[in-house]
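Undergrad: The structure is given below, and queries will be raised subsequently.
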Amino acid sequence: MSSAPETRTAETAAAETPTAETLAAETRTFETRVGTVVGRVDGDVVRVLGVPYAVAERFEAPRPAPPAVGDDGQPMPFLAFERAPASPQLSSPSMQVLFDDAARGMVDSEHCQALSITLPADLAPGERLPVMVWIHGGAYVNGAGDLGVYDPRSLVVEQRVVVVAVTYRLGVLGFLGDGDRVPSNLGLLDQLEAVRWVHDTIDAFGGDPDTVTLFGQSSGGDSIAHLMISDGARGLFRRAIVQSAPLGLGRGRSAMSRAMLRVVGVPDPDATVEELLAGQPPAERAALRFGLRGGMPFGPQYGRAPLPAEEDRDAAWRDVAPHVDLLMGATTEETGLYVPLVRPLDVLTSLPVVGGLVRRVLVRATTGAVYGRDARRFVERHRASGGRAVRYELSWAPRGSRYGAAHITDLPLLLGTEEAWGRSALLGESDWAEVDRLGRRVRQIWADFARTGTVAADAAAGASQALVLDRG
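Numbering (this note's numbering), first residue to last: 20 to 491.
Have a look at this one:
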């Protein structure tokens with residue numbers, strides 16, 4: 020990924036601004052509390068890309084982004100035509116295998132606090148739609164909100180919702196501070212600022228600020244669980260969809276974080292981005308001695324803004340339960356994703372006769388420890404505390420895939436296109452028609468939850484037993 024421009028205004032984009040005649044046909048203009056924003060019509064949707072929701076210098080907490088202005092200080096329209104830049108990050112061989120070239124054309128920038136909005140092109144004047152805010156995963160070190168595999172077109176068009184994709188700081192730039200000289204949870208604070216922006220501004224784009232649902236997968240789902248108990252988040256969203264969150268890795272992380280900091284030191288605010296990123300592998304190696312939780316060494320730290328102390332987190336989740344409807348779950352073979360990516364495990368589980376049994380036992384045990392058991396406990400606590408909660412299990416295994424019903428197999432059912440997912444090893448021999456048949460049902464269930472806060476008793480009837488719902 021290459022460096023990105025800081026902001027985009029009418030002046031900086033003048034060279035490619037359409038003629039007056041085509042402008043009205045190809046673009047939509049939105050008058051918002053933060054100024055005029057111009058998006059682009061893309062067939063049956065309107066895309067409003069890369070809108071800054073916050074600004075921050077390196078290792079500083081985010082502040083609300085100011086309106087776009089010209090050189091003379093006067094307000095200027097913001098031309099929202101370019102995807103949000105990704106946070107600087109190291110390449111991930113496993114993600115390259117699974118997502119292929121999903122990051123093609125992406126740029127990166129430390130000033131990555133931007134979001135992208137997708138809405139139906141035929142939105143009627145005064146129409147207000149449910150809002151679904153996407154928080155991407157990637158173990159808090161990889162990913163971006165605007166990757167091609169996260170394209171929300173199908174969800175927006177089929178279910179008539181507004182989707183907002185958030186990009187935030189990752190890794191050493193977002194989740195390794197000591198809490199004193201460098202804040203610990205900058206990436207989470209970015210997300211919180213984005214959700215606040217959505218709540219305060221989305222009505223200008225046809226969204227209903229009183230019907231905001233956060234949805235995210237993996238560390239994105241983990242982020243949402245923590246946004247539920249973040250200081251200042253109450254009232255900003257009504258519902259949460261937590262997909263495949265590694266909640267079993269969340270406890271007792273403070274000693275691991277200290278060990279990581281001892282190895283790499285407090286991040287130097289004057290270092291180059293490359294020097295900062297070079298500190299991530301040693302930090303990750305230092306985390307390995309902490310067992311399973313070392314598999315996701317970066318992440319939120321309790322007792323640092325905006326989170327409560329670890330001993331207070333369960334009480335905080337109980338307190339928020341009546342105020343947030345919850346849909347939470349996982350796939351049945353989450354850790355099947357990692358077996359082929361770890362050479363010794365791949366060899367062991369490929370042995371004749373016993374290999375299949377070894378894989379089943381290993382995947383079942385680790386999926387339960389990292390994902391399943393804590394999701395069940397979370398849902399039970401939420402219900403017992405007066406909240407509404409639905410739990411799901413997704414057992415869909417793409418035909419011919421060596422990964423099975425693994426981590427991230429839910430993603431092509433919700434987001435992305437055939438072009439974006441077509442060469443992913445994750446899908447095995449499945450053709451897109453198979454994926455889309457189940458995907459249409461899953462997208463309907465997710466959107467129905469965003470609209471109502473629950474799912475119908477027969478919601479999974481069209482999902483061919485691949486999706487099991489526990490409505491409590």
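Ideal Cβ positions, reconstructed from N, Cα and C, are used throughout, including at glycine. Remember, it's a predicted structure, so these values are computed and weren't measured experimentally.
#1: Report back the beta-carbon spacing between L486 and A479 to the nearest angstrom; my notes put them in contact at under 8 Å.
#2: Do you know how far the Cα of G193 is from the Cα of T41?
#3: My output table needs one value for G387: the three-state DSSP class, helix, strand or coil.
#4: With a floor of 3 residues, list each beta strand (DSSP E) that falls wholly inside the stretch 136 to 167, ordered by position along the chain.
#5: Using the C-alpha atoms, what's the distance from P85 back to T471?
#6: Just checking my contact of S511 with Q210 at CB under 8 Å: how many whole Å lie between their CB atoms?
#7: So is the beta-carbon of F256 under 7 Å away from any non-hydrogen atom of the ligand NAD?
#8: Among L457, W465, G198, which residue has its Cα nearest to the Cα of G481?
#9: For A105, which residues does DSSP report across the bridge?
#10: Nearest to V217 by CA position, among S203, L233, G406, is which residue?
#11: What three-state label does DSSP hand Y169 in the structure shown?
#12: Since A163 and Y72 are thought to touch, with beta carbons under 8 Å apart, how far apart are those beta carbons, to the nearest angstrom?
#13: In the structure shown, what three-state DSSP assignment does F234 receive?
#14: Hey, quick one: how far does the beta strand (DSSP E) through T186 stretch, first residue to last?
#15: For the 8 Å Cβ check, are there 3 or more pairs between the stretch 394 to 408 and the stretch 333 to 348?
#16: Using 10 angstroms around the beta-carbon of P107, count the other beta-carbons present and answer buried if the total reaches 16, otherwise exposed.
#17: Which residues mark the beginning and the end of the beta strand (DSSP E) in which P71 is found?
#18: Applying the 10 Å Cβ sphere with the 16-neighbour rule, what's the burial state of G419?
#19: For the candidate residues D289, G310, M315, whose alpha-carbon lies nearest to that of P300?
#20: Taking 8 Å as the CB-CB limit, is D227 close to chain B?
#21: Between the Cα of D199 and the Cα atoms of L346, E146, A80, L356, which residue gives the shortest distance?
#22: State yes or no: is the C-beta of L445 within less than 8 Å of the C-beta of P319?
#23: Contact between the stretch 381 to 398 and the stretch 265 to 277 is defined here as three or more beta-carbon pairs at a separation below 8 Å; is this criterion met?
#24: Near D365, which residues of its chain fall below 7 Å by C-beta distance, leaving aside the five closest residues on each side in sequence?
#25: Using a threshold of 8 Å, state whether the C-beta atoms of R257 and D344 are closer than that.
#26: Cβ of V60 within 8 Å of Cβ of R47?
#27: For D165 versus S203, is the C-beta distance shorter than 8 Å?
#28: What is the DSSP secondary structure of P341, reduced to helix, strand or coil?
#29: So, using beta-carbon positions, are G441 and W451 closer together than 8 Å?
TA: In short, the structure shows the following:
#1: Within the sequence shown, the letter at position 467 stands for residue 486. Within the sequence shown, the letter at position 460 stands for residue 479. Contact flag correct, Cβ pair sits at about 5 Å.
#2: For the purposes of this step, residue 41 is taken as the residue at position 22 of the sequence shown. For the purposes of this step, residue 193 is taken as the residue at position 174 of the sequence shown. Its pLDDT being 48, under 50, T41 is placed unreliably by the model, and the measurement read from it follows with that caveat. Rounded to the nearest angstrom, the two C-alpha atoms are 41 Å apart.
#3: Looking up residue 387 in the sequence shown gives position 368. In the three-state scheme derived from DSSP, where H, G and I count as helix and E and B as strand, G387 is classed as helix.
#4: Every unbroken stretch of the beta strand (DSSP E) spanning 3 or more residues and falling wholly within the stretch 136 to 167 is given here in chain order: 148 to 154.
#5: Position 452 of the sequence shown, counted from the start, is the residue given in the question as residue 471. Position 66 of the sequence shown, counted from the start, is the residue given in the question as residue 85. In this structure, the straight-line span from the alpha carbon of T471 to that of P85 is close to 34 Å.
#6: The chain is shown only over 20 to 491; residue 511 falls outside these bounds and no answer can be derived.
#7: What this structure holds is no ligand at all, so the ligand NAD is not there to describe.
#8: Here residue 481 corresponds to residue number 462 of the sequence shown, with the count starting at 1. For the residues L457, W465, G198, the minimum Cα distance to G481 belongs to L457.
#9: Locating residue 105 in the sequence shown gives position 86, counting from the first residue. Paired residue(s): D127.
#10: On the sequence shown, position 198 is the one that residue 217 refers to. If we check each option's Cα against that of V217, L233 comes out closest.
#11: Start at 1 with the first residue of the sequence shown, and residue 169 comes out as number 150. It is helical.
#12: The residue labelled residue 163 in the question sits at position 144 within the sequence shown. The residue labelled residue 72 in the question sits at position 53 within the sequence shown. Taking the Cβ atoms as the reference, A163 lies roughly 14 Å from Y72, outside the contact range of under 8 Å.
#13: Translated into positions along the sequence shown, residue 234 becomes position 215. F234 falls in the strand class under three-state DSSP.
#14: One-based indexing of the sequence shown puts residue 186 at position 167. According to the DSSP assignment, T186 belongs to no beta strand (DSSP E), since it is labelled neither H nor E.
#15: Result yes; three or more Cβ-Cβ pairs closer than 8 Å.
#16: Within the sequence shown, the letter at position 88 stands for residue 107. Residue burial annotation: P107 is buried, with at least 16 other C-beta atoms found within 10 angstroms of its C-beta.
#17: Counted from its first residue, the sequence shown places residue 71 at position 52. Counting along the chain, the beta strand (DSSP E) containing P71 begins and ends at 64 to 71.
#18: Residue mapping note: residue 419 aligns to position 400 of the sequence shown, counting from 1. Burial call: exposed.
#19: As a position in the sequence shown, residue 300 is number 281, starting the count at 1. Among D289, G310, M315, the Cα nearest to that of P300 belongs to M315.
#20: You won't find chain B in this structure, because it holds only one protein chain.
#21: The residue labelled residue 199 in the question sits at position 180 within the sequence shown. Of the candidates L346, E146, A80, L356, the one whose C-alpha sits nearest the C-alpha of D199 is A80.
#22: Taking the first residue of the sequence shown as position 1, residue 445 is located at position 426. Taking the first residue of the sequence shown as position 1, residue 319 is located at position 300. The answer is no: Cβ separation not under 8 Å.
#23: Pairwise C-beta distances place the stretch 381 to 398 in contact with the stretch 265 to 277, as three or more of them are shorter than 8 Å.
#24: The count along the sequence shown starts at 1 and reaches residue 365 at position 346. Same-chain partners within the cutoff: V358, P359.
#25: For this step, residue 257 is matched to residue 238 along the sequence shown. For this step, residue 344 is matched to residue 325 along the sequence shown. Yes.
#26: To locate residue 60, count along the sequence shown from 1; it is residue 41. To locate residue 47, count along the sequence shown from 1; it is residue 28. Result yes, Cβ atoms of V60 and R47 sit closer than 8 Å.
#27: On the sequence shown, position 146 is the one that residue 165 refers to. On the sequence shown, position 184 is the one that residue 203 refers to. In this structure, D165 keeps its C-beta atom at 8 Å or more from the C-beta atom of S203.
#28: By one-based count along the sequence shown, residue 341 stands at place 322. If DSSP states are grouped into helix, strand and coil, P341 belongs with the helices.
#29: Counted from its first residue, the sequence shown places residue 441 at position 422. Counted from its first residue, the sequence shown places residue 451 at position 432. Taking 8 Å as the cut-off, the beta carbon of G441 is found closer than this to the beta carbon of W451.
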